[in-house]
Amino acid sequence: MVDSAAARQFVMTNARLIDRVWFTVLFDGGVAGQLLSALASYQNADGGYGYGLEPDTRTPESQPLNVEIAWQYMASAEAVDEAAVRRACDWLQSVSAPGGGVPILVPGFEAYPHAAHWSTYDRPPELVPNGGLVGAHFAMGIDHPWRARTAELVWKWIESPEGIEVHDMLDAVWFLEAVPDRERATKAAERLSRGLSTTTGYKPDPASPGYGVTPLWFAPSPDSFCRPWFSDSIIQSNLDNLAAEQQSDGGWPITWNPPGPASVLEWRGIQTMKALRTLQAYSVL
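Heads up: the sequence shown begins at 1030 in my numbering, then just goes up one per residue.
Here it is as structure tokens:
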């Protein structure tokens, strides 16, 4: 059984300000504008987001990955700062590759503390973070020249999915959830679903050790776009495991190594929020 009071105590004691505000907005009737105000402190003058919004990268400089996360915060609270979004789009356009799309990280982050899995990261634009960025942008209903070009590239990657791993597939889903062409999106999702079980990084058994993306990442609520991909028994076993993962301090654990103790607590605050949102959506709380 989930101890909601202990989870609240963990978040209020250990999570960073933006995630404490996120908690009050989602669970205590807080004002969504307060989350936008907290998020604004991570936005740089160039329009991008930095300052470790993704806690595994501690750089204050703007990074595409941080823009994706910023827009996910907005979506979760159903609140949009249109001016901030347009500034971020301008920045994304400024760092896009000649062929379109942005890399998940642009040079500069390596000069600051970062998790080991980012140490050798140097890859061209791909589905992460472009799929999530374009999907979030469609969902917000704000037009910008950056989106049209990037959306065509994302479609190309999704419809030729050879070699994609599970995080790519997750960003593809976020794109397909929001893109206006529903017929094309449905067909693409059906193709992706057939390959999920053999996708690198997918973790269908939540009790298996180590890091992996579970079914609840794809279907965090009963009305999720991908909920039909999974049987009721798979969803139930994942919910049971998620509830059982709550630690004695009230928070949820992580299964990778962030760059330091502060990052560990920041990530645990985020994971606790995500766990609570999912459990509430499925009426487990």
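Heads up, the beta-carbon is just placed ideally off N, CA and C, and yes, glycines get one too.
Simplified DSSP assignment, three categories, for residue i
i            : result
residue 1072 : strand
residue 1078 : strand
residue 1102 : helix
residue 1143 : strand
residue 1054 : helix
residue 1086 : strand
residue 1242 : strand
Pairwise C-alpha distance: residue j and residue i
i            : j            : result
residue 1155 : residue 1185 : 10 Å
residue 1282 : residue 1044 : 13 Å
residue 1242 : residue 1196 : 8 Å
residue 1166 : residue 1203 : 10 Å
residue 1285 : residue 1240 : 7 Å
residue 1248 : residue 1198 : 13 Å
residue 1079 : residue 1092 : 6 Å
residue 995  : residue 1129 : No statement about residue 995 is possible, as the shown extent of the chain runs from 1030 to 1314 and does not include it.
residue 1038 : residue 1278 : 9 Å
residue 1274 : residue 1262 : 18 Å
residue 1059 : residue 1132 : 35 Å
residue 1308 : residue 1290 : 27 Å
residue 1266 : residue 1124 : 42 Å
residue 1162 : residue 1101 : 9 Å
residue 1244 : residue 1235 : 9 Å
residue 1189 : residue 1057 : 44 Å
residue 1193 : residue 1050 : 35 Å
residue 1209 : residue 1299 : 30 Å
residue 1164 : residue 1294 : 29 Å
residue 1312 : residue 1231 : 25 Å
residue 1252 : residue 1140 : 42 Å
residue 1176 : residue 1030 : 44 Å
residue 1053 : residue 1108 : 14 Å
Test item: CB-CB of residue i and residue j under 8 Å
i            : j            : result
residue 1280 : residue 1256 : no
residue 1304 : residue 1268 : no
residue 1047 : residue 1068 : yes
residue 1137 : residue 1090 : yes
residue 1143 : residue 1075 : no
residue 1168 : residue 1104 : yes
residue 1229 : residue 1036 : no
residue 1061 : residue 1117 : no
residue 1314 : residue 1033 : yes
residue 1097 : residue 1171 : no
residue 1087 : residue 1233 : no
residue 1115 : residue 1173 : yes
residue 1213 : residue 1055 : no
residue 1217 : residue 1187 : yes
Whole-number beta carbon distance between residue j and residue i, since they are thought to touch under 8 Å
i            : j            : result
residue 1063 : residue 1113 : No, residue 1063 and residue 1113 are not in contact; Cβ-Cβ is about 15 Å, not under 8 Å.
residue 1182 : residue 1134 : Not really, about 18 Å apart at Cβ, beyond 8 Å.
residue 1250 : residue 1201 : In fact, because the Cβ distance is near 18 Å, the residues do not count as touching under 8 Å.
residue 1082 : residue 1099 : 6 Å
residue 1158 : residue 1126 : That belief does not hold up - the Cβ atoms of residue 1158 and residue 1126 are roughly 13 Å apart, past 8 Å.
So does the stretch 1221-1241 actually touch the stretch 1250-1266, counting three or more Cβ pairs closer than 8 Å?
-> yes
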